[in-house]
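Participant:
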């Protein structure tokens, strides 16, 4: 070994000893209760839509609940639910907060995704998704959900939550989704535009958008999904890898998210809600929903979007949805609810 190699070897051994000493020193500081350098936050990305029904994510970011759990969260926004599931399966995002879709079920069947909690559900105590008729269809006699048979119905995609909602309205009124002229339009914005222009007769839409369309004379609310029975509209889901290999991180995410749900419910759903707290919540949500409008203009629609929320998961309804999608060839026949839902997380809520 030449002199240069000798010094290199000695240097490597020296650095290894220093590194070992540093690690021992850090452990000693921890044992003595002395401050150490803070560990870096886990970086996670959450897929969401710019709806008030996604407010718990916004709340947990703005009020530091994710940060309290050592999570640095980035929100990534989508135009429809189905691409969120694809983004999780591909590793582009870590958590999705949206409705179950045919695409989700297909990815879950491949072992890519797990449902871990509930979020927005249809409940008689709060307005949820509304059935809207275009002005032209309304004038021609589309006045109630029972009149929907034979009409065109706009949705994002085959196998979307809007597709399933059309079926709920149909089946509750004595006909089937096959009795509707379904129009896949890809994006929520396209659904709204088609309704306003009369290109479709009806759509289902979240309340903050539906109420604004009705109040502005652009369409008519003719029914509410809450009257069709209980429905677990949205869930929290993550990759199977996260659920199985990053349990601590997933549990911290859910704790923070649950605080966002609780704040939302206290501001909008409680009978004794503090008006000042509700105003503050509207202002917070406005950063993400109708942000292109003045707060005074957006506030009414945001308030109208107050849906029922809970992280409790209605597993029985998830099973009902899966069965419908399978019966219509929109989900793999072999997929089971046990494979779809990670009960160890759902039970903790």
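Numbering (this note's numbering), first residue to last: 1 to 349. Backbone N, C-alpha and C fix where the C-beta goes; we use that ideal spot for every residue, glycine too. Since the structure is predicted, the reported quantities are computational estimates derived from the model, not experimental observations.
Enumerate in chain order the residues of its own chain whose CB-to-CB distance from residue 280 is below 8 Å, with the five nearest sequence positions on each side excluded.
Facilitator: As a working note, residue 280 is residue 280 in the chain shown. So the qualifying residues of the chain are 267.
Participant: Once DSSP output is grouped into helix, strand and coil, what is the label at residue 28?
Facilitator: Counting from one through the chain shown, the residue named residue 28 turns up at place 28. A caution first: residue 28 carries a pLDDT of 42, below 50, which makes its placement in the model too unreliable to give a value.
Participant: If we count the other Cβ atoms within 10 Å of its Cβ and call it buried at 16 or more, is residue 114 buried or exposed?
Facilitator: One-based indexing of the chain shown puts residue 114 at position 114. Classification of residue 114: buried, given that the 10 Å Cβ count is 16 or more.
Participant: Would you check if the stretch 78 to 96 and the stretch 288 to 305 touch, i.e. whether three or more CB-CB distances between them fall below 8 Å?
Facilitator: No, the stretch 288 to 305 does not touch the stretch 78 to 96.
Participant: Would you decide whether residue 38 is buried or exposed? Buried here means 16 or more other CB atoms lie within 10 Å of its CB.
Facilitator: Within the chain shown, the letter at position 38 stands for residue 38. Residue confidence for residue 38 is low, a pLDDT of 43 falling below 50, so the modelled location carries little weight; the figure read from the coordinates is stated next. Label assigned to residue 38: exposed.
Participant: Helix, strand or coil, according to DSSP, for residue 193 in the structure here?
Facilitator: Taking the chain shown and counting its residues from 1, the one referred to as residue 193 is at position 193. Correct three-state label for residue 193: helix.
Participant: So, using beta-carbon positions, are residue 269 and residue 58 closer together than 8 Å?
Facilitator: As a working note, residue 269 is residue 269 in the chain shown. As a working note, residue 58 is residue 58 in the chain shown. Taking 8 Å as the Cβ cut-off, residue 269 and residue 58 do not qualify as a contacting pair.
Participant: What is the C-beta distance between residue 219 and residue 134, in whole angstroms, given that I count them as a contact (C-beta under 8 Å)?
Facilitator: Indexing the chain shown from 1 puts residue 219 at position 219. Indexing the chain shown from 1 puts residue 134 at position 134. Going by Cβ atoms, the distance from residue 219 to residue 134 rounds to 6 Å, so yes, they are a contact pair.
Participant: Along the chain, where does the beta strand (DSSP E) that runs through residue 45 open and close?
Facilitator: Locating residue 45 in the chain shown gives position 45, where the first residue counts as 1. Start and end: 42 to 48.
Participant: What's the C-alpha gap between residue 31 and residue 344?
Facilitator: As a working mapping, residue 31 is identified with position 31 in the chain shown. As a working mapping, residue 344 is identified with position 344 in the chain shown. Bear in mind that a pLDDT of 46 at residue 31, under 50, signals an unreliable position, so the model cannot answer this.
Participant: Using DSSP with H/G/I as helix, E/B as strand and the rest coil, what is residue 93?
Facilitator: Within the chain shown, the letter at position 93 stands for residue 93. Three-state DSSP puts residue 93 in coil, outside helix and strand.
Participant: What three-state label does DSSP hand residue 277 in the structure shown?
Facilitator: Numbered from 1 along the chain shown, position 277 holds the residue referred to as residue 277. Helix, per DSSP.
Participant: Quick check on the DSSP output: what are the complete alpha helix (DSSP H) runs of length 4 or more inside the stretch 258 to 335, in order along the chain?
Facilitator: Runs of the alpha helix (DSSP H) inside the stretch 258 to 335: 275 to 286, 295 to 304, 315 to 327.
Participant: Nearest CA to the CA of residue 224: which residue from 169, 195, 193, 309?
Facilitator: In the chain shown, counting from the first residue as 1, residue 224 sits at position 224. Looking at the Cα atoms, 169 is the closest of the given residues.
Participant: When DSSP builds the beta bridges, which residues end up paired with residue 123?
Facilitator: Position 123 of the chain shown holds residue 123. Paired residues: 126.
Participant: Taking the Cβ atom as the reference point for each residue, do residue 102 and residue 76 lie within a distance shorter than 8 Å?
Facilitator: Looking up residue 102 in the chain shown gives position 102. Looking up residue 76 in the chain shown gives position 76. Taking 8 Å as the Cβ cut-off, residue 102 and residue 76 do not qualify as a contacting pair.
Participant: Quick check on the burial criterion: 16 or more other C-beta atoms within 10 angstroms. Buried or exposed for residue 226?
Facilitator: What you label residue 226 is simply residue 226 of the chain shown in a count that begins at 1. So residue 226 ends up on the buried side.
Participant: Give, in chain order, every unbroken run of the alpha helix (DSSP H) that is at least 4 residues long and sits entirely within the stretch 101 to 163.
Facilitator: Whole alpha helix (DSSP H) segments, 4+ residues: 102 to 109, 135 to 139.
Participant: Count the other C-beta atoms from every protein chain shown that fall within 10 angstroms of the C-beta of residue 303, then say buried if there are 16 or more, exposed otherwise.
Facilitator: Looking up residue 303 in the chain shown gives position 303. Residue 303 comes out buried.
Participant: I'd like to know whether the C-beta atoms of residue 325 and residue 159 end up nearer to each other than 8 Å.
Facilitator: Position 325 of the chain shown, counted from the first residue, corresponds to residue 325. Position 159 of the chain shown, counted from the first residue, corresponds to residue 159. Their beta carbons are under 8 Å apart, which means residue 325 touches residue 159 by this criterion.
Participant: Mark residue 338 as exposed unless 16 or more other C-beta atoms lie within 10 angstroms of its C-beta, in which case mark it buried.
Facilitator: Translated into the one-based positions of the chain shown, residue 338 becomes position 338. Its Cβ having fewer than 16 others within 10 Å, residue 338 is exposed.
Participant: Note down, one range per segment and in chain order, each beta strand (DSSP E) of at least 3 residues found wholly within the stretch 178 to 222.
Facilitator: Correct list: 181 to 184, 202 to 205.
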